[in-house]
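Here the structure is laid out as structure tokens; the discussion comes afterwards.
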Amino acid sequence: TSHPKTVMSGTQFYPLSKILFWSLLNVVIQLTWFGARPMKDPYIMLGQILTVVYFKYFIVNPVPQKTWNSVVM
Numbered sequence: 002t003s004h005p006k007t008v009m010s011g012t013q014f015y016p017l018s019k020i021l022f023w024s025l026l027n028v029v030i031q032l033t034w035f036g037a038r039p040m041k042d043p044y045i046m047l048g049q050i051l052t053v054v055y056f057k058y059f060i061v062n063p064v065p066q067k068t069w070n071s072v073v074m
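So for the sequence shown, my numbering puts the first residue at 2; every next one is plus one.
As structure tokens, then:
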């Protein structure tokens, strides 16, 4: 069975992807700021947590797009 071609080509048409994108931007800004701080306890732990969140974005991001396509189509 062939899958229909998605009509929406950019992430600007996916509501949850917009939220995830702006969350990613926030995480990148925070990681940049934590990277400029001295290597002390709260900055190290928060940097590690945000690093995990950063990489989870790339795993989680396709899920809402596929879900939204199945709801809309």
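Positions of the beta carbon are idealized from the N, C-alpha and C atoms, including for glycine.
- Less than 8 Å divides the Cβ of residue 21 from the Cβ of residue 62.
- In the DSSP assignment, residue 43 falls within the alpha helix (DSSP H) that extends over 42-61.
- In the structure shown, the three-state DSSP call for residue 16 is helix.
- In terms of Cβ geometry, residue 51 and residue 35 form a close pair [threshold 8 Å].
- The beta carbon of residue 28 is closer than 6 Å to those of 51, 54 and 55 in its chain, skipping five residues each way along the sequence.
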